[in-house]
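To keep things clear, I will list the structure first and then write my remarks on it.
Protein chains in written order, with the working numbering: chain A, 50 to 166; chain B, 785 to 895.
See the structure below:
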């Protein structure tokens, strides 16, 4: 079966440009996460959806970052007025829901490598 | 202070060696724990969950020490193919439970 897919795989943006990153989770996976991974660091949590509901967005670094999952499947992470510090790999992961307080295995997509010039 | 801390390494070991990594976490309310493996320029993949009683999967053993707030990963009989970055993940309570990754420990297994 298909895994998590992300597009584009690479994106080069000029500072100030808006970008949209897409994530297609594994079919049937209710939970969807977005992470930002800088070089040499672990993934940093950005936001979490359960179906179409955005349950936690505490990791979004600024109001320039916005995520949506309107039909509970595909998700889009949008970054407005990109800055150089936004350059990173953006990872999407999906999973089946676990019991309260627990998460099941997360399946990651290959990521989108964003470079802001 | 980061909520989840790992020694970034790299750990350079010969094939066949036994190597162990620790990962400390600061939030005592943390509920679930995992080790993920990430190859260079690839996505993380689950290696194993970490259970309170400790668990083993082939050459890999994971343990949890709640009193001292750390988890460990032991790799026996290292293979060249074990070379990767090992990420620990702790689900930290903060309103909801947020998966919090350490920065990863780099392992290089050489012939």
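For glycine and all other residues, C-beta sits at the position ideal for the given N, C-alpha and C.
Through-space distance from residue j to residue i, alpha-carbon basis
i                      : j                      : result
residue 890 of chain B : residue 852 of chain B : 23 Å
residue 161 of chain A : residue 824 of chain B : 15 Å
residue 150 of chain A : residue 881 of chain B : Summary for residue 150 of chain A: the model assigns pLDDT 49, below 50, so the residue's position carries little reliability, and this model does not support an answer.
residue 883 of chain B : residue 800 of chain B : 32 Å
residue 804 of chain B : residue 816 of chain B : 20 Å
residue 120 of chain A : residue 886 of chain B : 32 Å
residue 827 of chain B : residue 793 of chain B : 20 Å
residue 26 of chain A  : residue 52 of chain A  : Not covered by the structure: residue 26 of chain A. The range shown for chain A is 50 to 166.
residue 892 of chain B : residue 862 of chain B : 10 Å
residue 140 of chain A : residue 88 of chain A  : 13 Å
residue 144 of chain A : residue 153 of chain A : 6 Å
residue 787 of chain B : residue 807 of chain B : 10 Å
residue 98 of chain A  : residue 83 of chain A  : 9 Å
residue 894 of chain B : residue 122 of chain A : 43 Å
residue 846 of chain B : residue 871 of chain B : 13 Å
Bounding residues of the beta strand (DSSP E) (the contiguous stretch that carries residue i)
i                      : result
residue 128 of chain A : 124-128
residue 71 of chain A  : 68-73
residue 144 of chain A : 137-144
residue 62 of chain A  : 59-62
residue 894 of chain B : 889-894
residue 962 of chain B : In this structure chain B extends from 785 to 895, so residue 962 of chain B is not present and cannot be described.
residue 841 of chain B : 839-841
residue 93 of chain A  : 93-99
residue 111 of chain A : Premise fails: residue 111 of chain A is in no beta strand (DSSP E) and is neither H nor E.
Chain B contact residues for residue i, given Cβ-Cβ distances below 8 Å
i                      : result
residue 157 of chain A : 827, 828 and 829
residue 160 of chain A : 827
Proximal chain B residues relative to residue i, where beta-carbon distance stays under 7 Å
i                      : result
residue 154 of chain A : 830
Residue i versus the options, residue with shortest Cα-Cα distance
i                      : options                       : result
residue 874 of chain B : B:826, B:858 and B:832        : B:832
residue 92 of chain A  : A:166, A:56, A:158 and A:165  : A:158
residue 55 of chain A  : A:166, A:69, A:165 and A:64   : A:69
residue 789 of chain B : B:809, B:867, B:850 and B:798 : B:809
residue 814 of chain B : B:869, B:849 and B:843        : B:849
residue 125 of chain A : A:58, A:110, A:72 and A:59    : A:72
residue 822 of chain B : B:868, B:876, B:895 and B:797 : B:868
residue 155 of chain A : B:876, B:854, B:819 and B:888 : B:819
residue 75 of chain A  : A:87, A:146, A:165 and A:139  : A:146
residue 108 of chain A : A:96, A:66, A:64 and A:57     : A:96
residue 802 of chain B : B:888, B:836, B:786 and B:860 : B:860
residue 135 of chain A : A:112, A:80, A:81 and A:100   : A:112
residue 81 of chain A  : A:131, A:62, A:137 and A:101  : A:101
residue 844 of chain B : B:797, B:866 and B:888        : B:866
residue 85 of chain A  : A:63, A:118 and A:106         : A:106
residue 79 of chain A  : A:90, A:104 and A:64          : A:104
Within chain A, the residues that residue i reaches when beta carbons sit closer than 9 Å
i                      : result
residue 885 of chain B : 84, 86, 90, 91, 92, 93 and 94
residue 882 of chain B : 94, 97, 105, 107 and 108
Distance cut-off 7 Å: residue i Cβ against heavy atoms of the ligand HEM
i                     : result
residue 67 of chain A : The ligand HEM is not among the ligands present in this structure, which contains no ligands whatsoever.
Chain A residues whose Cβ lies nearer than 8 Å to that of residue i
i                      : result
residue 871 of chain B : 91 and 92
Contact set between residue i and chain A, taken where Cβ atoms lie within less than 7 Å
i                      : result
residue 888 of chain B : 91
| task | Report the residues of the stretch 83-107 of chain A with a CB closer than 9 Å to any CB of chain B, ordered along the chain. | result | 84, 86, 89, 90, 91, 92, 93, 94, 97, 104, 105 and 107
| Proximal residues, the stretch 125-149 of chain A versus chain B, C-beta separation under 7 Å | 140
| field | Members of the stretch 60-84 of chain A that neighbour chain B once the beta carbon cut-off is set at 9 Å | value | 82 and 84
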